[in-house]
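Undergrad: Chains as they are written, first to last, in the UniProt record's numbering: chain H, 1 to 459; chain Y, 1 to 459. We put the CB at the ideal spot given by N, CA and C, even for glycine. This structure is a prediction, so every number in the text was calculated from the model and none was measured.
2 protein chains.
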Amino acid sequence: MKIPELLAAALPQDCVTTEAWALQSYGCDRTTIWPAQAVAVVRPRHIDEVQRCVQLANEHGFALVPSGGRTGLSGGAVASNGEVVLSLERMNRIVDFDPVDASVRVEAGVVTAQLQDYARDKGLYYPVDFAAAGSSQIGGNIATNAGGIKVIRYGMTRDRVRGLSVVTGKGERLELNRGLLKNNTGYDFRHLFVGSEGTLGVICEANLALAPAPADPLVLVLGVPRFADVLEVLASFRQRFSLSAFECFSDNGLRKVCAAHQLAPPLSTPAAYYALIEVDECDGAAEQAVAAFEYCVDQGWVSDGVISQSLGQAAELWKLREYLSETLAAWTPYKNDISVAVSRLPAFLVEADALMAARYPDCEVVWYGHIGDGNLHLNILKPERWSKDDFLSRCSAVTDELGDLLVRHGGSISAEHGVGLLKRDYLHYTRSPAEIELMRGMKALFDPRGVLNPGKLIG
Amino acid sequence: MKIPELLAAALPQDCVTTEAWALQSYGCDRTTIWPAQAVAVVRPRHIDEVQRCVQLANEHGFALVPSGGRTGLSGGAVASNGEVVLSLERMNRIVDFDPVDASVRVEAGVVTAQLQDYARDKGLYYPVDFAAAGSSQIGGNIATNAGGIKVIRYGMTRDRVRGLSVVTGKGERLELNRGLLKNNTGYDFRHLFVGSEGTLGVICEANLALAPAPADPLVLVLGVPRFADVLEVLASFRQRFSLSAFECFSDNGLRKVCAAHQLAPPLSTPAAYYALIEVDECDGAAEQAVAAFEYCVDQGWVSDGVISQSLGQAAELWKLREYLSETLAAWTPYKNDISVAVSRLPAFLVEADALMAARYPDCEVVWYGHIGDGNLHLNILKPERWSKDDFLSRCSAVTDELGDLLVRHGGSISAEHGVGLLKRDYLHYTRSPAEIELMRGMKALFDPRGVLNPGKLIG
Ligand SMILES: Cc1cc2nc3c(=O)[nH]c(=O)nc-3n(C[C@H](O)[C@H](O)[C@H](O)COP(=O)(O)OP(=O)(O)OC[C@H]3O[C@@H](n4cnc5c(N)ncnc54)[C@H](O)[C@@H]3O)c2cc1C
Ligand SMILES: Cc1cc2nc3c(=O)[nH]c(=O)nc-3n(C[C@H](O)[C@H](O)[C@H](O)COP(=O)(O)OP(=O)(O)OC[C@H]3O[C@@H](n4cnc5c(N)ncnc54)[C@H](O)[C@@H]3O)c2cc1C
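Pasting the structure below:
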């Protein structure tokens with residue numbers, strides 16, 4: 001029997017499809033580098049069916065690509081090698097909510113925004129948030145340890161995970177940590193699965209911690225002529241506030257967003273860079289924010305600024321940052337998602353800036369990122385006249401130089417998007433040969449026949 | 001050559017000792033169950049020497065016991081089987097501090113209180129705190145993922161760790177996560193080492209996140225006649241405050257502490273249980289606290305209470321909780337350190353209470369714990385007329401029943417003290433056979449010759 005027939009025989013009939021549109025659509029993520037070449041798409045409704053699927057893969061030696069919302073930016077969910085896509089999208093129930101523990105138990109296919117809304121309805125807050133929240137799924141968030149715009153206060157997806165139900169590559173079911181706050185009984189596999197990009201097991205359910213509902217937001221957008229001064233602005237606001245977001249972006253990015261979405265520029269005087277700052281609205285917050293702003297102007301760090309006067313205006317200001325990634329997609333950008341310790345940013349930026357200027361004389365470079373976490377997205381836009389292949393090979397060469405620079409500054413080649421296929425060959429800039437060897441060992445332990453996402457992450 | 005000679009030949013001479021007092025003192029932790037039977041004690045000053053030591057152990061097939069302050073309560077640092085104790089106590093430098101990142105880099109032998117003081121001097125806060133902070137070490141805290149009295153607000157030791165330098169059982173050096181806030185480049189080994197109890201590698205240095213300095217504390221001690229009502233009190237205070245601690249203890253424990261330390265009882269009307277609550281002192285906090293207290297009295301949950309009027313009085317009230325563990329040591333207690341989800345506590349307590357009453361009719365049972373995290377310490381006191389061995393075997397049998405109960409309530413057999421030798425045979429109540437098998441595989445990966453802490457945790 002062929003693989004799709006094997007699957008159809010073992011699972012409810014409507015779980016398996018080989019229709020061309022499905023193979024195409026479920027075979028790609030938001031990278032548009034690798035062609036979709038899946039042989040089938042399986043969409044189970046229950047963890048037992050996931051397990052059956054993994055067992056079949058082991059018995060018959062075919063490969064599975066665990067798949068969430070396919071909003072990933074590193075090719076982790078790409079099936080371009082005759083794999084079977086294992087989509088979790090039908091497992092999208094919110095199984096349980098406990099107000100005392102302030103936790104939810106959800107299936108992996110729950111969409112991030114669905115959980116955010118659910119939490120809000122319960123008077124609580126699910127703080128993992130980013131521009132793809134409307135389609136990314138909890139399973140994908142956990143498998144990539146997604147970050148986003150609220151990390152500075154709430155941490156990464158990892159910090160929400162109190163428990164996981166997984167099916168390992170071997171086909172075993174594990175119940176990890178059972179939602180406990182405290183459980184010191186040996187190696188914490190839960191944290192191993194967070195960020196494992198579908199290479200060790202399929203995440204089927206998760207117990208997640210919710211946060212108290214935050215105060216209404218007060219949002220500022222400040223113009224900052226020199227990039228390094230963004231860090232001075234960060235320090236000034238940090239002294240006065242517990243920040244809930246601190247983002248930055250370059251003017252060329254802003255202009256593209258405004259043009260694409262018919263938005264007015266936030267400031268009458270443009271600046272080379274902008275900082276978007278969010279703090280809790282409360283008594284005196286606006287006065288404090290104005291004082292911090294004026295201090296930054298006096299120091300010459302900030303040229304102009306705006307502060308939200310309503311929730312509506314706060315949301316409008318956020319669009320300038322949130323629409324960036326999607327807007328740039330039109331330019332087929334090559335994305336570097338890098339980080340260094342915040343204290344290392346100034347020195348790193350000087351060198352990174354020089355490197356980009358020297359190596360991409362013909363390309364536009366858009367900078368933005370979660371700079372309060374030391375995380376920058378360097379988007380290299382493809383000049384129209386270049387072919388995709390030429391562009392990619394030029395970018396790959398520069399990524400090697402960027403890798404060397406990151407090594408010198410103790411940084412990471414992937415801050416939040418993960419490794420997947422896109423950064424696999426650059427992994428050694430952040431992880432040592434001994435670590436990569438141990439990663440292979442770990443993979444062999446959980447997935448001895450290598451049925452889960454082969455070729456991703458560690459190759 | 002004998003082992004001590006091998007070590008003396010390979011390391012600076014004063015690193016190795018075989019003096020009887022040292023073998024005795026370095027061979028035990030705070031459990032007093034297993035006799036010290038170490039063959040040597042090594043106290044390196046540098047990570048290179050640690051590595052040399054692990055390499056020698058691999059070459060010559062002897063066992064090492066990584067050793068911190070030996071305040072552990074599960075026998076993890078016990079050397080009762082002819083092992084070499086590898087003490088980190090001389091590696092006690094604070095290597096680096098960065099105010100921008102609010103982080104420190106410390107060697108493993110830094111004492112917890114030393115780091116707390118250092119952070120305070122810098123205007124910051126190291127929030128991992130418990131009664132053994134004066135002698136436990138950072139390496140031991142990380143290896144056990146220590147919890148303590150501030151978990152409810154700040155999390156466990158795990159949540160502080162931004163980077164680790166370790167020497168694996170194989171003798172390789174790993175630099176894990178390098179202090180980064182965001183680094184999604186594959187399996188996070190850092191979290192695997194946290195809580196690994198010296199079985200995978202020797203933790204030599206750590207990069208730790210410091211917190212902002214907290215406000216002055218306001219402390220309440222409330223008398224609670226029925227244990228289950230402690231949870232109602234918790235919920236009432238949680239509604240009004242972001243708690244920085246919520247502890248509880250039973251009256252028999254309190255009486256012992258007061259007698260041993262000549263302390264006055266906190267309340268004129270004793271109660272069967274007490275809740276100790278800490279919140280930040282700020283405008284209106286005392287009024288809110290009194291309101292919450294009065295509400296609890298009106299509901300019949302609380303019989304009496306006291307609220308601190310000064311920092312001195314707050315510290316005095318804390319002694320009632322902090323002195324408990326040391327005070328009970330005189331009774332050779334058998335400690336159960338268990339947890340369930342907070343929402344499961346009421347149902348669990350009913351059954352646990354009945355079990356203790358039925359199985360320990362002749363023993364005094366002292367209850368206390370970090371109940372805001374679902375974590376209870378059940379201390380069974382040895383009746384004077386019983387031999388230590390009789391007592392232990394009686395307690396072990398009851399621990400099996402407690403294990404069954406925990407399974408039914410989805411709890412953990414070790415919330416914060418770790419497994420070591422003491423809970424090794426009960427690990428299966430919390431981790432499945434598949435998980436334990438995977439733990440063995442992981443051990444084999446990092447420590448193929450089994451030189452690090454053999455027999456601990458997974459046996
Ligand atoms: C506009 C835009 C903005 C973004 N902004 C951010 C941002 O700010 N921060 C950030 O971190 N990311 C960001 N991303 C990247 C992406 O959205 C996240 O990585 C997201 O968490 C991926 O979720 P997903 O469900 O789409 O996963 P997918 O893309 O479907 O899969 C991602 C990886 O996880 C694996 N996987 C998926 N589901 C499972 C499962 N159930 N079990 C095991 N493995 C599984 C896949 O095999 C793959 O390796 C952005 C993406 C876009 C398009
Ligand atoms: C009075 C009292 C109160 C306590 N209260 C609490 C509490 O509230 N919460 C809590 O969590 N614990 C508590 N404990 C338990 C204990 O203090 C903690 O587990 C502490 O973190 C142990 O640190 P240590 O340096 O003493 O470790 P040790 O006892 O020396 O070792 C503990 C384990 O860690 C390993 N280890 C030590 N150093 C290293 C290293 N550098 N690399 C690798 N492995 C290493 C050892 O092999 C052993 O397995 C208490 C203990 C006492 C005596």
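#1: What's the call for Y:H261, buried or exposed, on a 16-neighbour Cβ count within 10 Å?
#2: Just curious, the alpha helix (DSSP H) that Y:G312 is in, first and last residue?
#3: Pull the bridge partners of H:E175 from the DSSP assignment, please.
#4: Determine the DSSP secondary structure at H:L208, reduced to helix, strand or coil.
#5: If the cut is a Cβ gap below 7 Å, which residues of chain Y does H:L421 touch?
#6: Step through the CB atoms of chain H and report whether any lies within less than 8 Å of the CB of Y:L192.
#7: Does the CB of H:K388 have a neighbour CB from chain Y at under 8 Å?
#8: Just curious, the alpha helix (DSSP H) that H:C248 is in, first and last residue?
#9: Does any residue of chain Y bring its CB to less than 8 Å from the CB of H:F189?
#10: Just to check, is the beta-carbon of H:F249 closer than 7 Å to a non-hydrogen atom of ligand 1?
#11: Just to check, is the beta-carbon of H:P66 closer than 7 Å to a non-hydrogen atom of ligand 1?
#12: Mind checking whether the beta-carbon of H:N141 lies closer than 7 Å to any heavy atom of ligand 1?
#13: Quick one: what does DSSP say H:I277 is sitting in, helix, strand or coil?
#14: Could you give the first and the last residue of the continuous beta strand (DSSP E) run that contains Y:N379?
#15: Under the rule that 16 or more other beta-carbon atoms within 10 Å means buried, what is H:A259, buried or exposed?
#16: Does Y:E416 come within less than 8 Å of chain H when only Cβ atoms are used?
#17: Can you pull the chain H residues whose beta carbon is under 7 Å from the beta carbon of Y:R178, in chain order?
#18: For Y:A434, go through chain H and note every residue whose CB falls closer than 7 Å to its CB, in chain order.
#19: Nearest to H:E89 by alpha carbon, out of H:F97, H:G305, H:R394, H:I203?
#20: Within the present structure, is the beta-carbon of Y:L73 separated from the nearest heavy atom of ligand 2 by less than 7 Å?
#21: At the level of alpha carbons, what is the spacing between Y:P433 and Y:G403?
#22: Which residues, in chain order, does the stretch 44-78 of chain H contribute to contact with chain Y at a C-beta distance below 8 Å?
#23: According to DSSP, what are the bridge partners of Y:T17?
#24: Could you tell me whether the Cβ of H:L317 comes closer than 8 Å to any Cβ of chain Y?
#25: Relative to the alpha-carbon of Y:R30, which residue among Y:K335, Y:E107, Y:Q55 has its alpha-carbon at the smallest distance?
#26: Thinking C-beta only, is Y:D101 closer than 8 Å to Y:G155?
#27: For H:D404, would you say it is in contact with chain Y, using Cβ-to-Cβ distances shorter than 8 Å as the test?
#28: So which of H:A275, H:E326, H:P99 has the shortest CA-CA distance to H:Y125?
#29: Check whether the Cβ atoms of Y:G140 and Y:T168 lie closer than 8 Å to each other.
#30: I think H:T144 touches H:H417, with their Cβ atoms under 8 Å apart; what is that distance to the nearest whole Å?
#31: Would DSSP call H:V100 helix, strand or coil?
#32: Quick one: using the 10 Å Cβ neighbour count with 16 as the cut-off for buried, is Y:S250 buried or exposed?
#33: Got a sec: is the Cβ-Cβ distance from Y:N453 to anything in chain B below 8 Å?
#34: Once DSSP output is grouped into helix, strand and coil, what is the label at H:D404?
#35: State the start and end residues of the unbroken alpha helix (DSSP H) segment that holds Y:V54.
TA: Per the coordinate set shown:
#1: By the 10 Å Cβ count, Y:H261 comes out exposed.
#2: Residues 311-322.
#3: As a beta-bridge residue in DSSP terms, H:E175 pairs with H:S165.
#4: Strand.
#5: Within 7 Å Cβ-Cβ: nothing; H:L421 doesn't reach chain Y, min ~13 Å.
#6: Look at Y:L192: its C-beta is under 8 Å from a C-beta on chain H.
#7: So, not an interface residue.
#8: Annotation for H:C248: no alpha helix (DSSP H) segment contains it, though the beta strand (DSSP E) segment containing it runs 245-250.
#9: By the rule that beta-carbons nearer than 8 Å mark a contact, H:F189 touches chain Y.
#10: For H:F249, the CB stays at least 7 Å from every heavy atom of ligand 1.
#11: Within the cutoff, so yes.
#12: The closest heavy atom of ligand 1 lies less than 7 Å from the beta carbon of H:N141.
#13: H:I277 falls in the strand class under three-state DSSP.
#14: Counting along the chain, the beta strand (DSSP E) containing Y:N379 begins and ends at 375-380.
#15: With fewer than 16 other Cβ atoms within 10 Å, it is exposed.
#16: For Y:E416, the answer is yes, since a Cβ of chain H falls inside 8 Å of its Cβ.
#17: Here the neighbours are G410.
#18: Chain-order list of chain H residues neighbouring Y:A434: E172, L174, by C-beta distance under 7 Å.
#19: Out of H:F97, H:G305, H:R394, H:I203, H:I203 has the C-alpha closest to the C-alpha of H:E89.
#20: Indeed, a heavy atom of ligand 2 lies less than 7 Å from the Cβ.
#21: So the two alpha carbons sit approximately 15 Å from each other.
#22: Listed in sequence order: no entries.
#23: For Y:T17, which the question treats as bridged, DSSP gives the partners Y:V41.
#24: Any Cβ of chain Y closer than 8 Å to the Cβ of H:L317 would place that residue at the interface, and such an atom is absent.
#25: Nearest option by C-alpha distance: Y:K335.
#26: Not in contact: Y:G155 and Y:D101 (Cβ atoms no closer than 8 Å).
#27: Judged by the 8 Å Cβ criterion, H:D404 is not in contact with chain Y.
#28: For H:Y125, the nearest C-alpha among the options comes from H:P99.
#29: Contact annotation: Y:G140 and Y:T168 have beta-carbon atoms that are not nearer than 8 Å.
#30: Indeed they touch by this definition, with Cβ atoms about 7 Å apart.
#31: Three-state result, H:V100: coil.
#32: Buried, because 16 or more other Cβ atoms sit within 10 Å of the Cβ of Y:S250.
#33: Judged by its chain identifiers, the structure shown contains no chain B, and its protein chains are H and Y.
#34: Of the three classes helix, strand and coil, the one that applies to H:D404 here is helix, per DSSP.
#35: If you look at Y:V54, you'll find it in the alpha helix (DSSP H) that goes 47-60.
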